[in-house]
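Notes for the one structure printed next.
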Amino acid sequence: MTRLRRMSLPLVGFAMFLLIWEVTGQSLGNALLAPPSSVAHTYVDLLLEGAMLAELFTSLRQMMIGFLLACFIGMPIGVAMGRSRVSDAMFRPWVSMFVVTSTAALIPVLILLLGTGLALRSSVVFLAAVWYIILTTYNGAKGISPSLIATARSFSASRGQIFWKIILPAIYPYLITGARIGLVHAIRAMVMAEMFVIVGYGGLINRTGLDVDTSALLSLLLTLMIVSLLANWTLFQAGRLLAPWYEQRGS
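One point on numbering: in the working numbering, the residue at position 195 of the sequence shown is 659, and numbering is uninterrupted.
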């Protein structure tokens, strides 16, 4: 397959999607599914008003608190689980239990404990992201070849040298991948938590969903998709920049 064809196929698929959406939207009407032509007009209006982006940036800043906390806590726990049988036995039951538990089901309990402010949203984001970060890091740390560690020890390498020279480079692709997966779940959790308490960008989506015209709602969802894709792409590029071997190992 030529490079031009590889580049053109996604564009063809995207054009077909827009065409089907436009035809379906024109048939159903804006009350059920606004077509792309109506969404584009409404999107420009929302950008000019500025409220959409203002709410989005505020929510993203607050989301980063929970996401960064999930990285700082989840990554060390994942490494410890992957390199220590004791840590694995202690943490794995909890990680296995919470990773399959719906974060949305915990929000009513968190509202009672933390209220409806920043602590609630940060906690929901943390709980939505941390388990995926732990599991991804755990798989990377556990998959390190024992022969690499044995070779380093045969050359009298200290534990610190083994960690910085062997373990960390080996799990680096998994750290970035875990952060990428966790970030996607963090963005979803941010919107979900805000929809519960009708604040921020999630609250804006909730209020807009009550309108008869769906073009504004679809515009908000489109913006959220674009932000998620850009955030994921940014972490991927950061991984390639900081470690050239990331793309090969991550794939």
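Glycine is no exception: its CB is placed at the ideal position from the N, C-alpha and C atoms.
Q. According to DSSP, is N494 helix, strand or coil?
A. Reduced to three states, the DSSP call for N494 is coil.
**Q.** Sequence ranges, alpha helix (DSSP H) only - wholly within the stretch 652–691, length at least 4
**A.** DSSP runs (the alpha helix (DSSP H)) wholly in the stretch 652–691: 664–672.
Q. Hey, out of G703, L582, M654, whose CA is closest to L688's CA?
A. When only C-alpha atoms are compared, the closest one is M654.
Q | Helix, strand or coil at G581 [DSSP, three-state] | A | Here G581 sits in coil by DSSP.
Q. Start and end of the alpha helix (DSSP H) containing S620?
A. Judged by DSSP secondary structure, S620 falls outside any alpha helix (DSSP H); it is assigned neither H nor E.
Q. In whole angstroms, what separates the C-alpha of G581 from that of G666?
A. Note on geometry: alpha-carbon atoms of G581 and G666 lie some 14 Å from one another.
Q.
Taking 8 Å as the threshold (C-beta atoms), are I631 and V593 in contact?
A. Per the sequence shown, residue 593 should be read as Ala rather than Val. Result no, Cβ atoms of A593 and I631 do not sit closer than 8 Å.
Q) Would the beta-carbon of T601 fall within 8 Å of that of Y638? A) In this structure, Y638 lies closer than 8 Å to T601 by Cβ.
Q. Relative to the C-alpha of L511, which residue among L686, S586, P499, M539 is closest?
A. Of the candidates L686, S586, P499, M539, the one whose C-alpha sits nearest the C-alpha of L511 is L686.
Q) In the structure shown, what three-state DSSP assignment does G607 receive? A) Here G607 sits in coil by DSSP.
Q. Where does G514 sit, in a helix, a strand or coil, going by DSSP?
A. G514: coil per DSSP, three-state reduction.
Q. Nearest-angstrom Cα distance between I720 and L682?
A. Residue 720 cannot be examined here, being either before or after the span of the chain that is shown, 465 to 715.
Q) Which same chain residues, not among the five before or five after F562, have their C-beta less than 8 Å away from its C-beta? A) Once the five neighbours on either side are set aside, the close Cβ partners of F562 are L591, W595.
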